[in-house]
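Chains as they are written, first to last, in the numbering used here: chain A, 1 to 516; chain B, 1 to 504.
Think of the CB as a built atom: it goes at the ideal place given N, C-alpha and C, for glycine as much as any other residue.
Pasting the structure below:
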């Protein structure tokens, strides 16, 4: 059921073409036309990606072997279940973040908008490329492209602070990328292939345990850094200097999800569950994830800057996914994949809310946001809903995924992980609910809000209802989608089905792999 | 048609040689036509080189051309196979673009006809030397072309900036030692075999292998080639020469003048000596050590400078180390990586020196501290800079990444993990100094004031004259296309010859 088709390549090409058009002609076009390119490309790409869903659900795949990229290796794209899940969220959220970005950058009068939209499109192109890559080389090419495309976004403001975070970002990602590169060469030289295969192609026992463990950690270096697993998360909070839609993109859609997806590919499609468990890499990584979940939640509680608090929340939630992958059961892997979806929608909602608040009122510190609900009721309600979703409340998307990960831990008999997962849900509540309480509380009068707003020159309409529509509509939409996915995980695009399908493919017939 | 095709190897060299001789004469009457004669001669070389590459690759057989009809071992032989057909095309393309690139430079010179005559003759002569070195199959003829390269190189460095003559003198001193060492080595080989033809040498070598004379010859040859290719620790002349050479000719000097000796070294050692002989083990060990140290030294040293040209020059020392590393690895992928890196680094480094020349031409600057916001005024130059820099770091999908991939693959297959570690470390160091430049280019405040900008009003509003834009675009296209389609070069063109000829 494998069809040769250029469709996956076309999806990537659409975004890449948009990036190139915007970069070269953006300054000569009117802003509306320029943003028109982004939106059209986003819509076309989403259409292309979604059109491939039925085939993938039926167990088939589209394969595009483009050309030989290095002696003996094809530049090859393939749409499997896991890749489709990632591609669907990345492409769909591109539309929403584009609309939101337009509202944000115009409301905030950003400079260098052309470069901004071009880099944005390049980021999405790389993310889709990562999702569809069929072998390690193709994957690495898109992975490094993502690093490069994100750098201008992180350093968008071009001041000292932005430069410093840009450098930090490059330092983390390039160093880890080079280790990843060396490991890819090693794997290719040793096994003669670098094609992803569900269940992995590296056999347990094919090399000494310690050596394989080294190989495992070199392989996951790239993923671990982009996924922000502590202690390799340093770049993520400092990348917060970037404009909010960029943070939303970094945190919810492209970069960190690419990191997690990289881990999924390496652990489940290169090493496979058996070898990952055999060399001990998976269990070491799972303890890193546990550490990250706990510590990041505690750090998040202490942040007064809303974006910073959300950043640490991201760090924690991503490790949830990592933990889900490392538990290596069919439930937890499906849960982890679905948590990619759930977290994408929930976290992007939170970031969009933070950005809308910042542009509309000029507030960025949580302690000054008292009584905000009166001024921006819709935004605050969406924020509340998304917060509850992150904590894993039933009927929200976050519940489904966390439940699955828990079930996985249960079947694998890992009581420690169960405890951690429960504690993490409470911790998530404890850092997000206080924000909600401040929004709806009366700790500072509405006068202060308008005063602070007046201090910031960029507030465009201080009397309008809530945020500008271009920002408000996307964030309401993401909230609605998050709720729909919570009630009917298979609604529309069958993301949950695809996640389960991919997990079953990885774990094989038995469904559960028992370590030892 | 067939008549011409037969003579392609010599025609490619003959065109620039004629231009060298005719250019001073024509320039006497019209400097513009003198210049054009060189540019068009080099363009003819490019056309012939493409033709030759097509013939060699499609027929799958190498061309053996006997000058004057004299068969070796008496006559001189030009031998062209897939590998050096690629190298010849590379030399021709970069020579042509460089001749085009340097044409706007001389307008401000007072003694125009003399200057134009001298400069263009030397440029064409440099092309003759480099093309000859990559074509010849005769050890002594190689020496002749090596000296042609060196002599024209001395001239082009000396007409450069203020410190040019000193740099040139330094190169003259060391270069002469290098050439003498090479000659000495060839002398020893001649004394023990009685032939100078490389194929003939290869035939007679097995009986003589491991004799002390041969080992001394090999040591001399390594030093000779090492000096010419600026291999650490024999690189002393290179940073000054590359920094102070004429900004128009610098791309050629930095881009290919140190690569062709590297290619000649590859041809010389792998064709003449057998892989498991004692001399080759010596060669592997010596080059491995020099490569590792050179890569690290070049990259570390480049961190210390703010002058664009100096950074590029030291980075070249590191990159030549990559090539030497490929020779030291000495298996199929190692050699593919080395040859591919000769090609890709030639384009990248030439590209970076084109941007350096463009900055010099437009603003007269060499300091990276003045780069702030230049990208707004010189978008094509900045694009070239970014693409070449990313390729130098070795990021996909540019050419530099794939040569690194083959080198790393070769090193792991041979079990030399230290080379992989060095490659990675050097990439990261490269990322530091190149991203520093990129950051300045895009994020620093503007340093060049408007008066300086308007200094030359006739250039206002235009980034660069078309003669300078064409080379930039050629280089960017080459770096991207070589990257994307490297498998055809590596797998279809280089691999068969490397496995059959170099690693028999």
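Secondary structure at residue 237 (chain B): coil, using DSSP grouped into helix, strand and coil. Rounded to the nearest angstrom, the gap between the Cα atoms of residue 305 (chain B) and residue 438 (chain B) is 15 Å. Within the same chain, Cβ atoms closer than 6 Å to the Cβ of residue 168 (chain B) are found at 154, 157, 158, the five residues on either side in sequence being excluded. Excluding its 5 nearest sequence neighbours in each direction, residue 259 (chain B) has C-beta neighbours in its own chain below 6 Å: 342, 346, listed in chain order.
Residues are counted here when their Cβ sits less than 9 Å from a Cβ of chain A; for the segment 384-401 of chain B these are 390, 393, 394, 395, 396, 397, 401, given in chain order. For residue 149 (chain B), the enclosing alpha helix (DSSP H) begins and ends at 139-158. CA-to-CA, the gap between residue 192 (chain B) and residue 239 (chain B) works out to about 37 Å. Checking the DSSP bridge columns, you'll see residue 434 (chain B) has no partner listed. For residue 140 (chain A), the closest Cβ of chain B is nearer than 8 Å.
Neighbours of residue 148 (chain A) in chain B, taken as residues at a C-beta separation under 8 Å, are given in chain order as 390, 395. By the rule that beta-carbons nearer than 8 Å mark a contact, residue 65 (chain A) does not touch chain B. Exclusion of the five residues before and after residue 394 (chain B) leaves 400, 401, 404, 427 as the residues of its chain whose Cβ lies within less than 6 Å of its Cβ.
The Cβ atoms of residue 213 (chain A) and residue 73 (chain A) lie no closer than 8 Å to each other.
Residues of the segment 53-79 of chain A with a Cβ closer than 8 Å to any Cβ of chain B, in chain order: 67, 68, 69, 70, 71, 72, 73. Within its own chain, the residues whose Cβ lies closer than 8 Å to the Cβ of residue 1 (chain A), once the five positions on either side in sequence are excluded, are 55, 58, 59, 60, 61, listed in chain order. For the segment 215-249 of chain A, the set of residues with a beta-carbon nearer than 8 Å to any beta-carbon of chain B is empty.
With 16 or more other CB atoms across the displayed protein chains lying within 10 angstroms of its CB, residue 505 (chain A) is buried.
Sequence-distant Cβ neighbours of residue 53 (chain B) in its own chain, meaning closer than 6 Å and more than five residues away, are 85, 89. Here the alpha carbon of residue 204 (chain A) sits roughly 4 Å from the alpha carbon of residue 275 (chain A). Among the residues facing chain A, residue 491 (chain B) is included, as its CB has a counterpart in that chain under 8 Å away. Assignment of beta-bridge partners to residue 331 (chain B) by DSSP yields no partner.
Across the structure, residue 23 (chain B) and residue 40 (chain B) are spaced so that their CA atoms are roughly 11 Å apart. Residue 479 (chain B) counts as buried, since no fewer than 16 other beta carbons sit within 10 angstroms of its beta carbon. In this structure, B:267 is the residue among B:136, B:138, B:267, B:48 with its C-alpha nearest to the C-alpha of residue 500 (chain B). Residue environment: residue 257 (chain B) is assigned as buried (16 or more neighbouring CB atoms within 10 Å of its CB, all protein chains considered). As summarised for the segment 355-396 of chain A, there are no continuous beta strand (DSSP E) elements at least 3 residues long confined to that stretch.
Residue 57 (chain A): member of the alpha helix (DSSP H) spanning 53-57, first to last residue.
Taking 8 Å as the cut-off, the Cβ atoms of residue 472 (chain B) and residue 384 (chain B) count as close.
Residues of chain A with a Cβ closer than 9 Å to the Cβ of residue 435 (chain B) are, in chain order, 151, 166, 167, 170, 174. Under the three-state reduction of DSSP, residue 64 (chain B) is assigned to strand.
Judged by DSSP in its simplified three-state form, residue 160 (chain A) adopts helix. Taking 8 Å as the threshold, the shortest C-beta distance from residue 495 (chain B) to chain A falls below it.
For the pair of segments examined, the segment 319-328 of chain B was found to touch the segment 280-297 of chain B: the number of CB pairs separated by less than 8 Å reaches three. Within chain B, the C-beta atoms nearer than 7 Å to that of residue 144 (chain A) come from 395, 396, in chain order. Between the segment 87-102 of chain A and the segment 465-474 of chain A there are three or more C-beta pairs closer than 8 Å, enough to call the two in contact. Taking 7 Å as the Cβ-Cβ cut-off, the segment 400-429 of chain B approaches chain A at 402, 405, 408, 409, 412, 413, 420, 424, 427, 428, given in chain order.
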